[in-house]
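Novice: For the sequence shown, the residue numbers in the numbering used here are 3 to 459.
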Amino acid sequence: MPAVKTAYVCQQCEASAPKWAGQCPSCGAWNTMVETVAAPRSTTRAPSAARAMAGAASVVPIAIVESAERARLTSGIGEVDRVLGGGFVPGSISLFGGDPGIGKSTLLLQLAARIAGQGSDVLYVTAEESAAQVRGRAERIGAVVGGLHLATTTDLDTALGAIEAARPRLAVVDSVQTLASGELSGPAGSVGQVREVAARLAEMARTSGATVALVGHVTKEGTVAGPRTLEHLVDAVIYLEGERLGSTRLLRAAKNRFGSTDEVGVLEMRGDGLAEVEDASRFFLESNEAPTAGAAITIALEGTRPLAVEIQALCAPAGYGSPRRATTGIEVNRVLMLIAVLARHAGLNLTGHDVYVNVAGGLRIDEPAADLAVAAALASSLRERPVRAATVLAGEVALSGRLRSAVRAERRLVEASRLGFERLVTGPSRGTGAGDGAAGLVVAPDIRRALELTLES
Numbered sequence: 003m004p005a006v007k008t009a010y011v012c013q014q015c016e017a018s019a020p021k022w023a024g025q026c027p028s029c030g031a032w033n034t035m036v037e038t039v040a041a042p043r044s045t046t047r048a049p050s051a052a053r054a055m056a057g058a059a060s061v062v063p064i065a066i067v068e069s070a071e072r073a074r075l076t077s078g079i080g081e082v083d084r085v086l087g088g089g090f091v092p093g094s095i096s097l098f099g100g101d102p103g104i105g106k107s108t109l110l111l112q113l114a115a116r117i118a119g120q121g122s123d124v125l126y127v128t129a130e131e132s133a134a135q136v137r138g139r140a141e142r143i144g145a146v147v148g149g150l151h152l153a154t155t156t157d158l159d160t161a162l163g164a165i166e167a168a169r170p171r172l173a174v175v176d177s178v179q180t181l182a183s184g185e186l187s188g189p190a191g192s193v194g195q196v197r198e199v200a201a202r203l204a205e206m207a208r209t210s211g212a213t214v215a216l217v218g219h220v221t222k223e224g225t226v227a228g229p230r231t232l233e234h235l236v237d238a239v240i241y242l243e244g245e246r247l248g249s250t251r252l253l254r255a256a257k258n259r260f261g262s263t264d265e266v267g268v269l270e271m272r273g274d275g276l277a278e279v280e281d282a283s284r285f286f287l288e289s290n291e292a293p294t295a296g297a298a299i300t301i302a303l304e305g306t307r308p309l310a311v312e313i314q315a316l317c318a319p320a321g322y323g324s325p326r327r328a329t330t331g332i333e334v335n336r337v338l339m340l341i342a343v344l345a346r347h348a349g350l351n352l353t354g355h356d357v358y359v360n361v362a363g364g365l366r367i368d369e370p371a372a373d374l375a376v377a378a379a380l381a382s383s384l385r386e387r388p389v390r391a392a393t394v395l396a397g398e399v400a401l402s403g404r405l406r407s408a409v410r411a412e413r414r415l416v417e418a419s420r421l422g423f424e425r426l427v428t429g430p431s432r433g434t435g436a437g438d439g440a441a442g443l444v445v446a447p448d449i450r451r452a453l454e455l456t457l458e459s
């Protein structure tokens, strides 16, 4: 068997070199040379007629190709299927990332047990734990079922052989950073090894039709450890977020070739594993008690799901130096803009106050429809006047102080009514003005008027 040749390739300009160097000799970038397996190049070229015959055999009319969307593999956990777009697609490879201890292995072991319980063969390849350790977790979460098999190895070729021999519908690999290929000299978890492991597993998934789910660690910045090309090799990148000491877990898709990346799954960590949250809106609300100063409720849209979220704000006199601005769950620059709008168009001067804004429940809100609720929470804290009872807010605040209606205001109003709220304060709708006369929909032209309608007198 001929020896495997390796080369070092720059991640930026893709220039190759026979040995490693700290600086790329082509583009001059530092620490970008990664060891990869050099594909052997054929020294003979097939005749043009043979190439044409081979090419013709690979051409298939799209009308007769069966869509993989019809054969999705449902996971048995509705929140996971929501994020995936309806379930796993056969032949796809999905990467699940998250902080250490957040519950990645627990979630995938639960998924493996649910799918195996549906009558499908599932293989769980563990490279971080022994089979006895995985069995202990499986007993705790009720994942000891027939059809679920274990393979313990840190060698990539052995793992691929086990998957090919078992021919499972789902193969879980835990984790991509602990498998290593003997063809590369780098240690497990290095950039070259991670790329090779992901590429080989993706090739196996395409050819065999098996669904592969990878566990990936994250860096200090919160992204999947390894090169960005790792995310390009997989079909879906799913992040499991949340506080380790808290019970809430959020599932988000950073990439999904077979579905939307706007959906969010809400899970709760319990003693027997991760459980679905049946009513996410009520779950994120702090309580059903009377409103307090510094709190406002908004209806946020996460994909197709409306969620009631409490925005909390605290304005305290600055002790010394420059006032502090800190946010959790919302972009700080957005809050700074709203502080300036309140000062200019609502007469609320916060230059001498420390400002803290928090989204309750660990949720992160990126849509501009939360502007009005943040502004109301800030004004409520500064004036020590709570928001009127049974009121929710959703609208975009412009730099001029004018308000714009929240997208799909009617849908938000329906969710607010289901939760017992009586009115939704928003801005004038754009275009036709449809929905402005809906019962319970209160329209304010600008931020000053919205605060008058919202805060207790």
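Beta carbons are placed, not taken as given, at the ideal position from N, Cα and C, and that holds for glycine.
Which residue comes first and which comes last in the alpha helix (DSSP H) that contains residue 419?
Specialist: 411 to 420 is the extent of the alpha helix (DSSP H) around residue 419.
Novice: Just curious, the alpha helix (DSSP H) that residue 185 is in, first and last residue?
Specialist: Run containing residue 185: none; DSSP gives neither H nor E here.
Novice: Grouping DSSP H, G and I as helix and E and B as strand, with all else coil, what is residue 240?
Specialist: Note: residue 240 maps to strand in three-state DSSP.
Novice: Taking just the CA atoms, how far does residue 298 sit from residue 395?
Specialist: Taking the straight line joining both Cα atoms gives about 7 Å.
Novice: Do you know how far the Cα of residue 27 is from the Cα of residue 244?
Specialist: 42 Å
Novice: Who does residue 355 pair with in a DSSP beta bridge?
Specialist: 319
Novice: Check whether the segment 312 to 330 and the segment 354 to 370 touch, using three or more Cβ-Cβ pairs below 8 Å as the test.
Specialist: yes
Novice: Which same chain residues, not among the five before or five after residue 413, have their C-beta less than 7 Å away from its C-beta?
Specialist: Counting only Cβ-Cβ distances below 7 Å, and skipping sequence neighbours, we find 308.
Novice: Nearest CA to the CA of residue 256: which residue from 441, 445 and 86?
Specialist: 86
Novice: Decide if residue 135 is buried, meaning its Cβ has at least 16 other Cβ atoms within 10 Å, or exposed.
Specialist: Flag for residue 135 reads exposed.
Novice: Can you find at least 3 beta carbon pairs, one from the segment 307 to 321 and one from the segment 372 to 390, that sit closer than 8 Å?
Specialist: yes
Novice: Could you tell me the alpha carbon to alpha carbon distance between residue 345 and residue 305, rounded to whole angstroms?
Specialist: 33 Å
Novice: Write down the C-beta distance between residue 276 and residue 251 rounded to the nearest angstrom, noting that I regard them as a contact closer than 8 Å.
Specialist: 6 Å
Novice: Using 8 Å for Cβ pairs, my map puts residue 353 next to residue 325. What's the rounded Cβ distance?
Specialist: 7 Å
Novice: In the structure shown, what three-state DSSP assignment does residue 106 receive?
Specialist: helix
Novice: Let's see if you can read the secondary structure: which residues bound the beta strand (DSSP E) around residue 163?
Specialist: Residue 163 -> not in any beta strand (DSSP E); alpha helix (DSSP H) instead, spanning 158 to 168.
Novice: Who pairs with residue 25 in a beta bridge, going by DSSP?
Specialist: 32
Novice: Please report the straight-line C-alpha distance between residue 59 and residue 211, rounded to a whole angstrom.
Specialist: 20 Å
Novice: Does DSSP put residue 298 in a helix, a strand or coil?
Specialist: Residue 298 falls in the strand class under three-state DSSP.
Novice: What number of angstroms, rounded off, separates the C-alpha of residue 272 from the C-alpha of residue 409?
Specialist: 35 Å
Novice: Drop a sphere of 10 angstroms on the beta-carbon of residue 25, count the other beta-carbons inside from all chains shown, and report buried for 16 or more, exposed for fewer.
Specialist: exposed
Novice: Closest to residue 237 by CA distance: which of 370, 260 and 34 is it?
Specialist: Checking every option, the nearest Cα to that of residue 237 belongs to 260.
Novice: Please report the straight-line C-alpha distance between residue 378 and residue 239, rounded to a whole angstrom.
Specialist: 36 Å
Novice: Would you mind working out which of 191, 123 and 18 sits nearest residue 156, comparing C-alpha positions?
Specialist: 191
Novice: When the Cα atoms are used, what is the spatial distance from residue 95 to residue 232?
Specialist: 11 Å
Novice: Which residues in the same chain as residue 460 place their Cβ atom closer than 7 Å to its Cβ, once the five residues preceding and following it in sequence are excluded?
Specialist: No answer is possible for residue 460: it lies beyond the span of the chain, which begins at 3 and ends at 459.
Novice: Against chain C, with Cβ distances strictly below 8 Å, would residue 100 count as a contact?
Specialist: Although the question refers to chain C, the structure presented lacks it and comprises just one protein chain.
Novice: Residue 209: buried (16+ other C-beta within 10 angstroms of its C-beta) or exposed?
Specialist: exposed
Novice: If you reduce the DSSP assignment to three classes, tell me which class residue 37 lands in.
Specialist: strand
Novice: Can you list, in chain order, the stretches of the alpha helix (DSSP H) that have 4 or more residues and sit fully within the segment 261 to 294?
Specialist: 282 to 286
Novice: So, residue 445 versus residue 425, is the Cβ gap smaller than 8 Å?
Specialist: no
Novice: Within the same chain, show all residues whose beta-carbon is closer than 7 Å to that of residue 338, passing over the 5 residues directly before and after it, in chain order.
Specialist: 327
Novice: Return the CA-CA distance between residue 103 and residue 449, expressed in angstroms with no decimal places.
Specialist: 43 Å
Novice: Beta-carbon within less than 8 Å of residue 340's beta-carbon, same chain only, minus the 5 sequence neighbours each way: which residues are those?
Specialist: 373, 376, 377, 380 and 399
Novice: Let me make sure I understand the geometry here. Which of 52, 80 and 116 has the alpha-carbon closest to that of residue 278?
Specialist: 80
Novice: Return the first residue and the last residue of the beta strand (DSSP E) that residue 397 is part of.
Specialist: Here the beta strand (DSSP E) through residue 397 covers 397 to 399.
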